[in-house]
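Below: the structure, in structure tokens.
There are 2 protein chains.
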Amino acid sequence: MPRRPLAERRLTLRDIALGCGVSPATVSLVLRRSPLVHARTRARVEAEIARRGYVYNRAAANLRRRTSSSVALVVNDLSNPFFAEFAAGVDEALGAHGCVTLLGSTGESSERERAVIASLLEHAPAGIILSPAEGSDGASLARLVGAHTPLLVFNRALGGGAWDMLVLDNRSGARAATEHLLALGHRRIAFFGGHRDSSSCRERREGHLEALAGAGVAAEPSWLVETAPTRLEAAREVGALFVRDPAPTAAVCYNDAVALGLMLGLAARGRRPGRDFAVVGFDDIPEAAVSLPPLTTVATDPRARGRQAAERVLARAADPRVAPARTVAPVRLVVRESCGAHAAAERAR
Amino acid sequence: MPRRPLAERRLTLRDIALGCGVSPATVSLVLRRSPLVHARTRARVEAEIARRGYVYNRAAANLRRRTSSSVALVVNDLSNPFFAEFAAGVDEALGAHGCVTLLGSTGESSERERAVIASLLEHAPAGIILSPAEGSDGASLARLVGAHTPLLVFNRALGGGAWDMLVLDNRSGARAATEHLLALGHRRIAFFGGHRDSSSCRERREGHLEALAGAGVAAEPSWLVETAPTRLEAAREVGALFVRDPAPTAAVCYNDAVALGLMLGLAARGRRPGRDFAVVGFDDIPEAAVSLPPLTTVATDPRARGRQAAERVLARAADPRVAPARTVAPVRLVVRESCGAHAAAERAR
DNA sequence: CGATTCCTTTGGAACGATCCAAACCTGACG
DNA sequence: CGTCAGGTTTGGATCGTTCCAAAGGAATCG
Chain A
789 MPRRPLAERR LTLRDIALGC GVSPATVSLV LRRSPLVHAR TRARVEAEIA RRGYVYNRAA
849 ANLRRRTSSS VALVVNDLSN PFFAEFAAGV DEALGAHGCV TLLGSTGESS ERERAVIASL
909 LEHAPAGIIL SPAEGSDGAS LARLVGAHTP LLVFNRALGG GAWDMLVLDN RSGARAATEH
969 LLALGHRRIA FFGGHRDSSS CRERREGHLE ALAGAGVAAE PSWLVETAPT RLEAAREVGA
1029 LFVRDPAPTA AVCYNDAVAL GLMLGLAARG RRPGRDFAVV GFDDIPEAAV SLPPLTTVAT
1089 DPRARGRQAA ERVLARAADP RVAPARTVAP VRLVVRESCG AHAAAERAR
Chain B
789 MPRRPLAERR LTLRDIALGC GVSPATVSLV LRRSPLVHAR TRARVEAEIA RRGYVYNRAA
849 ANLRRRTSSS VALVVNDLSN PFFAEFAAGV DEALGAHGCV TLLGSTGESS ERERAVIASL
909 LEHAPAGIIL SPAEGSDGAS LARLVGAHTP LLVFNRALGG GAWDMLVLDN RSGARAATEH
969 LLALGHRRIA FFGGHRDSSS CRERREGHLE ALAGAGVAAE PSWLVETAPT RLEAAREVGA
1029 LFVRDPAPTA AVCYNDAVAL GLMLGLAARG RRPGRDFAVV GFDDIPEAAV SLPPLTTVAT
1089 DPRARGRQAA ERVLARAADP RVAPARTVAP VRLVVRESCG AHAAAERAR
């Protein structure tokens, strides 16, 4: 834990005060744009500040005022574009409020997650936005974070404490995807990818099964294929869809990475996605729009989720009386070509 | 600029001291693992700390010690996987040193960049790692940051101040890519994508031209095609390669995004990348390995660059006497299938 | 027994900004 | 000329931790 000596003594508010013959208190008022100070004084002080290149010391101010101007963002995997976008959204919204983002990444390890949160808490953030690693324990997190710091949990359900939650409407999204495929005439529809024990995967599967049940179509258990949620793993598992006859003619995928992997695997087997087999993804990552064929998917707009998370945590920090709530963010089916809808429409014409 | 009242008074070191009948100074020593305190006392204090759930206030400590335990990371585009990986590497290395990452994203706007840096400086970071937005002005940045805070500039050349630089060996990378294509027998090789005014693009072009010159091959100016560095824009501009006869048979691309766009555009024109036309990218983003065909590219390992940047800035913060240096990080050609090398090898067999 | 160690512990003044109450102006007014 | 109200300015204590010099306590030694 390095403590690095600052090169020289930093200029302080007192130096500015001395420099233009007023008291520190007055300089402080100028810095905080108080209407109390006379315009003439303010101009003099501001000139001195600019001339000497004074930099405000927010840590000292926060200490005295017992406030905080930062929010911690703890994310499980920054290299996943979904979370990177989310982080960008969080930072954008926090920045707009003059708040700074304390970043911590956990690499999907709940042990590192605890360490990272403990370290960030020492900086007294106004709140914590957490996208939990797999296998995080809610109760012990609650103990770690304590009651003073508002916590917002994103993306994964996590019980054990009274905190804000922001999750995607996984169930409706998957239901819409499956219903879309049903409407296109498919009856043998697989659910491809994801881990059963992830809450988002479970919810998406439920939505899928709901849609099937709604249409009176029986679900075929062997068409629920589990894979790690990555393109590579998904591509490897494509064979599992075609071991039995009849095989499915379409698949709803756990996420876009898996869907892209599935399309790769289909191509390797000589099947053309969007023509011989319909594929729908989930997330709408940037690549979905430019894949070959463009991927029909369920858009979750992670950047907007990030902004939303930031706003909520700031609101709760400003007024701790507001009760924690669970927000379900809407998602939206984006029809492109991998589901064959456009081709079907053309044939009909 | 919101200042949020903390819910209740936080537990302080003084509370712990009172709680177990020692002085605050002793508790402070315990917290900092000083060997001065007696084992018995330490145990007593530590028990009390655990029992009451005391959280260290690093801001107060930093204030008194005139040190900092954070580093600012200012990045132009988090949603770009290259920078997201870089950020993950920075955070990883800083975390290992007990340092926390202050994140700021600029969205490629040099105006926001100034605002973000000014805001982060108020938190007195031990250093700043900056991946500058296009069009940043070095001299004015130098003035903004001041002499006290070490600055490390990543990825883009930026003159006007005495700071550390960490850049990729763009020139050698591009030269290696072009030489590889030359070795495969290509003579009509384009350089595709990127903006002329970006320093990294300029360097890559230079490396490309160097390789051509080294092989005695004349460069054809119309085969230097400019595009925005995104997949979509690249796909749109593919036509520019084929307006004249003879057309190039291979292209070195500004980066992987552009290369993937080029492959898409080729496919749309009925040309098979890796067979009818050789493509080489730059960066080795995760998708490069799983594209169709897998992309031959120049690996830059952004995560390792992030770690490297963090180490350097910490080193300079620890000892400001070390002179700023310019580090050129090596890159490495990764041969996959989009350049046709494997196919060529097979035909030869 | 007092002096001399060594090992632990501790008051109290910082760090840089802010809060509060009190002081200071300047003009207006009786 | 004294009083008063209004707008401005300011000492000094304070936020939670650390530094420093100095004090306390036990053990050793002459």
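If you read the protein sequences in the order shown, they are chains A and B.
Going by this note's numbering, the first sequence opens with residue 789, and the numbers climb by one from there.
Going by this note's numbering, the second sequence opens with residue 789, and the numbers climb by one from there.
Yeah, the Cβ is synthetic: ideal placement off N, Cα and C, and Gly gets one too.
Hey, how far is the Cα of residue i from the Cα of residue j?
i, j, result
"H826(A)", "T814(A)", "10 angstroms"
"S1126(A)", "S822(A)", "59 angstroms"
"G1058(B)", "A1023(A)", "24 angstroms"
"A1117(B)", "A1098(B)", "14 angstroms"
"L1000(B)", "T966(B)", "7 angstroms"
"V1005(A)", "G973(A)", "12 angstroms"
"M789(B)", "A978(A)", "Since pLDDT at M789(B) reaches only 37, below the 50 mark, its modelled position is unreliable, and the value read off the structure follows with that caveat. Distance between the alpha carbons of M789(B) and A978(A): 50 angstroms."
"L817(B)", "V833(B)", "10 angstroms"
"R1135(B)", "R963(B)", "26 angstroms"
"V1110(A)", "W951(A)", "11 angstroms"
"E896(A)", "A1056(B)", "39 angstroms"
"L806(A)", "I916(A)", "40 angstroms"
Would you say residue i reaches chain A, if we count a Cβ-Cβ gap shorter than 9 angstroms as a contact?
i, result
"L825(B)", "Note on residue identity: the sequence assigns Val, not Leu, to residue 825(B). V825(B) does not count as touching chain A."
"N850(B)", "yes"
"R993(B)", "no"
"P1074(B)", "yes"
"R791(B)", "Annotation note: pLDDT 39 at R791(B) (below 50); position unreliable, coordinate value reported separately. With 9 angstroms as the cut-off, R791(B) counts as an interface residue toward chain A."
"P869(B)", "yes"
"A1093(B)", "The residue you asked about is not Ala; residue 1093(B) is Arg in the sequence shown. Not one chain A Cβ lies under 9 angstroms of R1093(B)."
"E1125(B)", "no"
"D803(B)", "no"
"H1130(B)", "no"
"A1016(B)", "no"
"A795(B)", "Any reading at A795(B) must be qualified, since the residue scores a pLDDT of 42, below 50, and its modelled position is unreliable; the value itself is stated next. A795(B) counts as touching chain A."
"R1019(B)", "yes"
Considering only the beta carbon of each residue, do residue i and residue j sit closer than 9 angstroms?
i, j, result
"A1047(A)", "G1027(A)", "no"
"R976(A)", "A1035(A)", "yes"
"G781(A)", "R1019(A)", "Because residue 781(A) is not part of the residues shown, which for chain A are 789 to 1137, the question remains open."
"L939(A)", "G947(A)", "no"
"L956(A)", "V933(A)", "no"
"A1016(B)", "D1044(B)", "no"
"S867(B)", "R1091(A)", "yes"
"S919(B)", "F874(B)", "yes"
"L1052(A)", "F980(A)", "no"
"T1084(A)", "V1122(A)", "yes"
"E1014(B)", "H983(B)", "yes"
"A1105(A)", "V888(A)", "no"
"L997(A)", "R1093(A)", "no"
So is residue i buried or exposed if we call it buried at 16+ other beta carbons inside 10 Å?
i, result
"S893(B)", "buried"
"G809(B)", "exposed"
"R1124(B)", "buried"
"A1113(B)", "exposed"
"A872(A)", "buried"
"P1009(A)", "exposed"
"L824(B)", "exposed"
"V862(B)", "buried"
Is there a Cβ of chain B sitting closer than 9 angstroms to that of residue i, yes or no?
i, result
"R846(A)", "yes"
"D1064(A)", "no"
"V1067(A)", "no"
"G892(A)", "yes"
"L1029(A)", "no"
"S858(A)", "yes"
Helix, strand or coil: which one does DSSP assign to residue i?
i, result
"S988(A)", "helix"
"L946(A)", "coil"
"P790(B)", "The pLDDT assigned to P790(B) is 40, lower than 50, so where the model puts this residue is not dependable, and the model offers no usable value."
"P1009(B)", "helix"
"G961(A)", "helix"
"R840(A)", "helix"
"F979(A)", "strand"
"T937(B)", "coil"
"D1107(B)", "coil"
"S1071(B)", "Rather than Ser, the amino acid found at residue 1071(B) in this sequence is Asp. D1071(B) falls in the strand class under three-state DSSP."
"P1112(A)", "coil"
"T1015(A)", "strand"
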